[in-house]
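**Q**
Protein chains in written order, with my numbering: chain A, 112 to 661; chain B, 268 to 504.
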């Protein structure tokens, strides 16, 4: 297909051209470099200050396993400890890969539709190309963008080298493993989509199938614990980290590839890699051979996408569901000037959420807090707050992936209101933080109830969550305001992710150091760091508000 | 020749088109006329192969969704959509490659000149106004020189110069032996051009009228349209 390399090369070159057409990008790149330097310096300083400090997985694991016993340095670990660490790592890798691939399959019947734009419909669907060719064109393009969007992971190489003692080559091979997993996930999603769109009767079985595959190992773990007399961690290890399960096609092979690299078994890794590449080829052949007829679905999906994009550009939202008649429509909106961006948030929270508090985000945070809290109390039998704190940090981090203030900044009147841009953004941000605080309240109370070991630590974690939310919101806002609206979304997302990962690295180092030594000062340091980064971004972001978008 | 037989398209239980049949002879301009929601776009999208439908659509005897049939079909959408990261010139090049065209450069330049896009070849898709986007969309569709052209409300957003060029082009394409199916609800935009008009309402063909018949009866297309769509009289003319 001659159009694929043509489109890829020109899109990439043009995106770069657009990138450098905007002077703001220089600020963004400088910011990434500065934050990378700060991260490196802090990491180095902590490394020098704690010469025998172990790495993140070790400390967390040992605190759980040894019931907060005194810490042993990495050199003091026994063979048994190392074996257990290896099992935990392999189980985590296996579980993560299973989750990501199944998520691709689960959403495959819908997400497949979303890969086409109206330009594809108008130009490619009408062109004398087989539907499979069009599908493969877009799939390969998406895979390329997925790889570009994953470049931020390269920032984790120092962590892997220091934490797991891997070589640079091994780290790069793990990155290849990640890319392969994205490829297989995307191919699995497209395969699912092609089948579901062509044979409508099969569509209803896609999601139950993915759920069943996800539940099967969980059931085996439960069975081993209940009837086999195994401990939870042992059972998880047997299912997700045993050698024989590495031979399970796809999920086992991916895990086998990564773990063989970690163990330095290059031949074994190459064999798994060959099996995975063969699987990619097989999936491609299958997609190619299916008599596909998905244009109608894709047309609808592309139309919805266009509608949403146009609505977002015009500062509107596309609503498919009718609003409930019970929602208040004549309440009192208070405040004036820039303050209305805060009072509006409070007013809408009150009328749109259940009891003025519960929203889907709130439910997610509460469920996370409940699940982790119960697991720690009932299974691990500890009151350690660290896991809940870290997992909620991850949830908040990913929740703020885009621009959480887009609902405000996408409206022309956010620019038009005759107030200082700093005031407008300050009030909009305060509204966002207020909402996050409300979202976190039930989870926070539940955590306090389940893991009430230290009130000071609990409140410091709340501070970490809120400051992280502030920092992430400002990154999203900065990217949204600074980059041109026509920017390739994948590259904009990559820049955003790079800034986030660079800026968050010092925080990770501080947290690791705190987990090893004393957590409370580390949490205070983390809050301070988040606030400093947020302040730096706040000093710049509003300046772009009144200059207009490129 | 394009042949549509018993084309029926349902969304759930709602009929978008019901038992639509017509033929498009070579070297003719057929207008698909109807009020909003009549099913005109559904017919066009079914013919180009975007939708699943009941019935048979053939292009020179070929199944309309086959690669061979698509070589003969051209499509201009109602709403232009371009790739934001390809320039005007690159869009044309992209189409040339997608259709495996050879010896297209001179015609490409001619089209860009004609639609006043020559000085905008370096502009990106998202840097063009809606009207310019529609012009480029038309140029892209014309570049492969299709035998059958499907225009879905092609004049929306165009400036007077572009409308004039498009009308001239319609006449040229017909003279060159191409068949054109133009969907519109703006009667005056096609008044001087058409050979045949298919009037649709509620997803059904209400009338097929030939230009000579209308002229012989001494009525205007507009009068005829309203008499049919507003139920003053109904039936095939």
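Glycine is no exception: its CB is placed at the ideal position from the N, C-alpha and C atoms.
1) Hey, is residue 365 of chain B's beta-carbon within less than 9 Å of any beta-carbon in chain A?
2) When the Cα of residue 662 of chain A is compared with those of A/505, A/240 and A/567, which residue comes out closest?
3) Leaving out five residues before and five after residue 534 of chain A in sequence, what residues of the same chain have Cβ atoms less than 6 Å from its Cβ?
4) Considering only C-alpha positions, which residue in the set B/347, B/486 and B/459 is nearest to residue 431 of chain B?
5) Using beta-carbon positions only, say whether residue 248 of chain A and residue 235 of chain A come within less than 9 Å of one another.
6) Please report whether the beta-carbon of residue 321 of chain B lies at a distance below 9 Å from any beta-carbon of chain A.
7) Which residues of the region 339-352 of chain B have a Cβ closer than 8 Å to any Cβ of chain A? Give them in chain order.
8) Measuring alpha carbon to alpha carbon, tell me which residue in A/484, A/285, A/470 and A/630 is nearest residue 376 of chain A.
9) For residue 514 of chain A and residue 586 of chain A, I'd like the C-alpha separation in whole angstroms.
10) Could you tell me which of A/583, A/480 and A/629 sits nearest to residue 509 of chain A, measuring between CA atoms?
11) Give a yes or no on whether the C-beta atoms belonging to residue 238 of chain B and residue 363 of chain B are separated by under 9 Å.
12) Quick one: what's residue 446 of chain B bridged to in DSSP?
13) At a cut of 8 Å, does the region 626-638 of chain A reach the region 293-302 of chain B through at least three beta carbon pairs?
14) Tell me where the alpha helix (DSSP H) around residue 550 of chain A begins and ends.
15) Is the Cβ of residue 407 of chain A closer than 9 Å to any Cβ of chain B?
16) For the alpha helix (DSSP H) holding residue 512 of chain A, just list the boundary residues, first then last.
17) Is residue 325 of chain B helix, strand or coil by DSSP?
18) Work out the CA separation of residue 304 of chain A and residue 313 of chain A for me, nearest whole Å.
19) Give me the DSSP bridge partner(s) of residue 431 of chain B.
20) When you compare the CB of residue 77 of chain A with every CB in chain B, is at least one pair closer than 9 Å?
21) Using alpha carbons as the reference points, say which of A/350, A/383 and A/541 lies closest to residue 453 of chain A.
22) Compile a chain-ordered list of the residues in the region 360-387 of chain B whose CB is closer than 9 Å to at least one CB of chain A.
23) Using the beta-carbon count (16 or more within 10 Å), is residue 641 of chain A buried or exposed?
24) Would you report the Cα separation of residue 413 of chain A and residue 654 of chain A, rounded to the nearest angstrom?
25) Classify residue 316 of chain A: buried if its beta carbon has 16 or more other beta carbons within 10 angstroms, exposed otherwise.
26) What does the alpha-carbon distance come out to for the pair residue 383 of chain B and residue 433 of chain B?
27) Can at least three beta-carbon pairs, one atom from the region 398-416 of chain B and one from the region 326-341 of chain B, be found at a separation below 8 Å?
28) Helix or strand or just coil, what does DSSP make of residue 173 of chain A?
29) Given a limit of 9 Å on CB to CB distance, which residues of the region 394-408 of chain B reach chain A?
30) Establish whether the CB of residue 315 of chain A and some CB of chain B are separated by less than 9 Å.
31) Quick one: what's residue 465 of chain A bridged to in DSSP?
32) Could you check how far apart the C-beta atoms of residue 284 of chain B and residue 309 of chain B are, in whole angstroms? I think they sit under 8 Å.
33) Going by the beta-carbon positions, is the gap between residue 362 of chain A and residue 383 of chain A smaller than 9 Å?
34) For residue 374 of chain A, tell me which candidate among A/281, A/548 and A/306 has the shortest Cα-Cα distance.
35) Looking at the structure shown, is residue 284 of chain B part of a helix, part of a strand, or coil, going by DSSP?
36) Any beta carbon from chain B within less than 9 Å of residue 310 of chain A's own beta carbon?
**A** Considering the structure as presented:
1) yes
2) Nothing about residue 662 of chain A can be read from this structure; chain A reaches only from 112 to 661.
3) 449
4) B/459
5) yes
6) no
7) 340, 341, 342, 344, 346, 347, 348, 349, 350, 351 and 352
8) A/285
9) 8 Å
10) A/583
11) Since the displayed chain B opens at 268 and closes at 504, residue 238 of chain B lies outside it and no answer follows.
12) B/415
13) no
14) 532-561
15) yes
16) Premise fails: residue 512 of chain A is in no alpha helix (DSSP H) and is neither H nor E.
17) strand
18) 10 Å
19) Beta-bridge pairing links residue 431 of chain B to no other residue.
20) Lying outside 112 to 661, the shown extent of chain A, residue 77 of chain A is not represented and no answer is given.
21) A/541
22) 360, 361, 362, 364, 365, 366 and 367
23) buried
24) 35 Å
25) exposed
26) 12 Å
27) yes
28) A caution first: residue 173 of chain A carries a pLDDT of 42, below 50, which makes its placement in the model unreliable, though a value can still be read off. In the structure shown, residue 173 of chain A sits in a helix (DSSP, three-state: H, G or I).
29) 394, 404, 407 and 408
30) no
31) A/469
32) 5 Å
33) no
34) A/281
35) strand
36) no
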